[in-house]
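Student: Let me begin by handing over the structure; questions about it come next.
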Amino acid sequence: IKIWNGPVQDIYSPVCIQTATGTEQKLLGSTPLLTEKEATEALNAAVAAYKNGTGAWPTMTVEDRIHAMEKFVKAMRSKRTEVVKTLMWEIGKTIKDSEKEFDRTVEYIIDTIEAYKKIDRTSSNFQFEQGIIGKIRRSPLGVVLCMGPYNYPLNETFTTLIPALIMGNTVVFKPAKIGVLLHRPLLEAFRDSFPKGVINVVFGRGRATVGPLMSTGKIDVLAFIGTSKSANILKMQHPKPNRLRSVLALEAKNPAIVLNHADLDLAVKECALGSLSYNGQRCTALKIIFVQKNVVDTFINKFLKEIELLKWGMPWENGVQITPLPEPEKPGLLKELIEDAEAHGATVINAGGGAIEHTFYAPAVVYPVNNKMKLYYEEQFGPVVPIVAYDKVEEVIQYMVESNYGQQASIFGTDNEEMAKLIDNLVNQVCRLNINSQCQRGPDVYPFTGRKDSGEGTLSVSDALRTFSIRTMVAAKEIDVNKEMLTDIIKERSSTFLSTDFIF
Numbered sequence: 046i047k048i049w050n051g052p053v054q055d056i057y058s059p060v061c062i063q064t065a066t067g068t069e070q071k072l073l074g075s076t077p078l079l080t081e082k083e084a085t086e087a088l089n090a091a092v093a094a095y096k097n098g099t100g101a102w103p104t105m106t107v108e109d110r111i112h113a114m115e116k117f118v119k120a121m122r123s124k125r126t127e128v129v130k131t132l133m134w135e136i137g138k139t140i141k142d143s144e145k146e147f148d149r150t151v152e153y154i155i156d157t158i159e160a161y162k163k164i165d166r167t168s169s170n171f172q173f174e175q176g177i178i179g180k181i182r183r184s185p186l187g188v189v190l191c192m193g194p195y196n197y198p199l200n201e202t203f204t205t206l207i208p209a210l211i212m213g214n215t216v217v218f219k220p221a222k223i224g225v226l227l228h229r230p231l232l233e234a235f236r237d238s239f240p241k242g243v244i245n246v247v248f249g250r251g252r253a254t255v256g257p258l259m260s261t262g263k264i265d266v267l268a269f270i271g272t273s274k275s276a277n278i279l280k281m282q283h284p285k286p287n288r289l290r291s292v293l294a295l296e297a298k299n300p301a302i303v304l305n306h307a308d309l310d311l312a313v314k315e316c317a318l319g320s321l322s323y324n325g326q327r328c329t330a331l332k333i334i335f336v337q338k339n340v341v342d343t344f345i346n347k348f349l350k351e352i353e354l355l356k357w358g359m360p361w362e363n364g365v366q367i368t369p370l371p372e373p374e375k376p377g378l379l380k381e382l383i384e385d386a387e388a389h390g391a392t393v394i395n396a397g398g399g400a401i402e403h404t405f406y407a408p409a410v411v412y413p414v415n416n417k418m419k420l421y422y423e424e425q426f427g428p429v430v431p432i433v434a435y436d437k438v439e440e441v442i443q444y445m446v447e448s449n450y451g452q453q454a455s456i457f458g459t460d461n462e463e464m465a466k467l468i469d470n471l472v473n474q475v476c477r478l479n480i481n482s483q484c485q486r487g488p489d490v491y492p493f494t495g496r497k498d499s500g501e502g503t504l505s506v507s508d509a510l511r512t513f514s515i516r517t518m519v520a521a522k523e524i525d526v527n528k529e530m531l532t533d534i535i536k537e538r539s540s541t542f543l544s545t546d547f548i549f
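Positions in the sequence shown are counted from 1; adding 45 to them yields this note's numbering.
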């Protein structure tokens with residue numbers, strides 16, 4: 046771990062405190078503002094550790110890489126209290142959800158280890174086809190640039206970082222500008238668990254560090270969670286795009302579709318949770334709600350009552366659901382979206398909706414929303430809930446066909462025939478269709494991906510291991526000289542790749 050004596054960026058909590066001069070955001074600490082020079086040094090360390098696939102880490106046995114990861118997760122567990130507390134203060138996530146994020150991440154690492162064992166067990170045998178002996182294993186891809194989001198700065202970041210590491214890649218990790226301090230307690234665990242140069246953490250502004258890294262052409266995999274606009278800029282900076290594999294989790298405009306035969310009480314509860322959990326700052330959040338016209342008034346009345354029950358407060362308070370927003374510019378952006386909607390005929394229909402008090406933003410329910418409004422198309426990523434009334438289901442299907450996004454959708458109804466028809470129409474528009482429930486990522490063993498501008502590559506526990514690796518094969522004709530040679534190599538344990546060891 047290098048000591049930094051250069052400029053730093055102060056990190057403030059979205060939580061405000063009373064001071065002698067008034068209400069101010071709490072100063073939590075600072076993070077180094079590294080430059081292109083330090084970022085390049087980190088990249089060169091990752092390149093040297095990978096050593097064109099011949100370094101200690103990519104050629105290490107699967108069992109030894111698993112031992113290294115087990116050592117890391119043990120050290121990580123010892124930092125739970127510190128990481129959870131910092132996570133809560135830094136991004137305004139409730140203490141309950143912060144604890145859940147940490148524990149879910151640990152569980153994800155353990156599940157990843159078990160999934161890797163299963164993959165390796167399958168690969169431990171030789172195959173014999175048409176006179177050819179084959180040994181097929183998954184091999185690393187190279188140097189991975191890993192960039193996570195602010196809303197799940199631990200869990201979502203580690204869903205790319207952990208599989209990238211355990212598959213034998215080396216990593217340059219650039220934390221998000223918000224949700225950065227929580228990684229500091231884990232630096233020693235990274236250092237002590239993995240060989241030198243295998244994991245390199247670069248703090249600082251993205252423009253000063255990430256762009257120069259991409260332009261070197263030394264990045265083999267871009268693992269990025271953020272907006273499609275940023276992802277496109279990064280990809281275009283790589284001088285050899287055909288050599289770059291991208292693993293992207295991007296924005297979404299996940300709709301809820303409430304049919305006239307839906308259980309409205311259930312739909313209301315799920316839509317409230319889906320649109321406003323963690324203030325709506327989730328890629329899987331419900332970003333727009335379509336309700337059939339003959340039940341829209343009843344739905345809205347019930348929905349507004351449900352919204353009124355949401356408790357405001359500080360993230361450490363019990364039962365709190367609405368907390369301060371960590372992005373300083375977010376309230377202004379949400380205000381602009383609402384003003385645009387109002388200019389085209391919509392209104393905020395819940396009392397106090399859209400009110401701003403320091404870093405708090407009151408959830409705003411906007412109705413009736415139509416296709417002339419930005420809220421109809423654009424991801425708000427915050428506590429604004431647009432509601433659209435529709436006549437025929439075909440209108441919603443057409444909306445999804447024309448949308449730039451295709452991550453998930455939620456459908457609410459009880460008519461088997463109509464639900465079946467809608468399912469078949471929507472499964473080729475999104476990658477997950479949720480029946481009578483909100484959109485969500487988990488369980489982590491299920492595939493998580495997106496169509497169109499919502500994603501590239503698939504992330505589940507097992508899919509991620511495949512995403513950050515490639516199938517490699519050693520082949521030999523089934524003749525005596527080759528059989529004898531392979532037998533001797535296996536007996537002498539002189540090749541890691543050809544090993545037939547079985548990991549329990």
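Where a beta carbon is used, it is the ideal one built from N, C-alpha and C, also for glycine.
1) Can you check the stretch 462-519 for any beta strand (DSSP E) of at least 3 residues that lies completely inside it and give the ranges in chain order?
2) What first and last residue would you give for the alpha helix (DSSP H) that runs through Met281?
3) DSSP has Ala612 in a bridge; who is on the other side?
4) Give me the Cα-Cα distance between Asn346 and Glu201, rounded to the nearest whole angstrom.
5) Round the Cβ separation of Val188 and Thr215 to the nearest angstrom and send it over; I've been treating them as touching at under 8 Å.
6) Find out if the Cβ-Cβ distance for the pair Val421, Asn415 is shorter than 8 Å.
7) Which of the three DSSP states is assigned to Gly390 in this structure?
8) For the pair the stretch 436-448 and the stretch 285-293, tell me if three or more CB-CB distances fall below 8 Å.
9) Return yes when the Cβ of Asn395 is within less than 8 Å of the Cβ of Ile352, no when it is not.
10) Determine which residues share a DSSP beta bridge with Val246 and list them.
11) How long is the line joining the alpha carbons of Lys124 and Ser322, rounded to whole angstroms?
12) Does the pairing of the stretch 113-123 with the stretch 170-187 give three or more beta-carbon distances under 8 Å?
13) Tell me which residue opens and which closes the alpha helix (DSSP H) that Thr66 is part of.
14) State buried or exposed for Lys241, treating a residue as buried only when at least 16 other CB atoms are found within 10 Å of its CB.
15) For Asn277, count neighbouring C-beta atoms within 10 Å of its own C-beta (all shown protein chains included) and say buried if the count is 16 or more, exposed if not.
16) Per DSSP, what kind of secondary structure is Leu206 in: helix, strand or coil?
17) Counting along the chain, where does the beta strand (DSSP E) carrying Leu190 start and finish?
18) Taking the alpha-carbon of Ile46 as reference, which of Thr139, Arg229, Asp148 and Phe493 has the nearest alpha-carbon?
19) Tell me the rounded alpha-carbon separation between Ile244 and Lys522.
20) If you reduce the DSSP assignment to three classes, tell me which class Trp49 lands in.
21) Taking a contact to mean a Cβ-Cβ separation below 8 Å, would you say Leu227 touches Val365 in this structure?
22) I'd like to check one pair, Val526 with Leu543: are the Cβ atoms closer than 8 Å?
23) Is it right to say Pro208 is buried, meaning 16 or more other beta carbons lie within 10 angstroms of its own, or is it exposed?
24) Quick check on the DSSP output: the alpha helix (DSSP H) that includes Lys528 runs from which residue to which?
25) Can you tell me whether DSSP reads Glu384 as helix, strand or coil?
26) So Leu510 packs on Tyr161, CB below 8 Å; how close in whole Å?
27) Check for me: the beta strand (DSSP E) holding Gln366 runs from which residue to which?
28) Whole angstroms is fine: what's the gap from Asn461's alpha carbon to Ser455's?
29) Give me, in chain order, the residues of the same chain whose beta-carbon lies closer than 7 Å to that of Leu186; leave out the 5 immediate sequence neighbours on both sides.
30) As a quick exercise: from Asp385, Lys219, His389 and Thr167, pick the residue whose alpha carbon is nearest that of Phe269.
31) Can you give me the Cβ contacts of Lys116 inside the same chain, cut-off strictly under 6 Å, excluding the 5 residues immediately before and after it?
32) Take every Cβ of the stretch 486-504, pair it with every Cβ of the stretch 136-143, and state whether three or more of those distances are shorter than 8 Å.
33) Rounded to whole angstroms, how far is the Cβ of Val475 from the Cβ of Gln452, which I believe are closer than 8 Å?
34) Check for me: the alpha helix (DSSP H) holding Gly319 runs from which residue to which?
35) If you run the structure through DSSP and keep just helix, strand and coil, what is Ile401?
36) Taking Cβ to Cβ, would you say Pro408 is nearer than 8 Å to Ile367?
Tutor: Answer, in terms of the structure:
1) 477-480
2) Here the alpha helix (DSSP H) through Met281 covers Ser273 to Met281.
3) Any question about residue 612 goes unanswered here, given that the chain covers just 46 to 549.
4) Cα to Cα, Asn346 sits roughly 35 Å from Glu201.
5) 5 Å
6) Strictly speaking, residue 421 in this sequence is Tyr, with Val absent from that position. A contact, by the Cβ cut-off of 8 Å.
7) coil
8) no
9) yes
10) Phe218
11) Roughly 26 Å between the two C-alpha positions.
12) Segments in contact, no.
13) No residue range can be given for Thr66, since it is assigned to no alpha helix (DSSP H) and is classified by DSSP as neither H nor E.
14) exposed
15) exposed
16) helix
17) Val188 to Met192
18) Arg229
19) 39 Å
20) coil
21) no
22) no
23) buried
24) Asp525 to Glu537
25) The answer is helix: DSSP assigns Glu384 an H, G or I state.
26) 6 Å
27) Careful: Gln366 lies outside any beta strand (DSSP E) and carries neither H nor E.
28) 15 Å
29) Asn214, Asp265, Val266, Arg290, Phe513, Ser514 and Ile515
30) In terms of Cα proximity to Phe269, the closest of Asp385, Lys219, His389 and Thr167 is Lys219.
31) Ser238
32) no
33) 6 Å
34) Leu309 to Leu321
35) strand
36) yes
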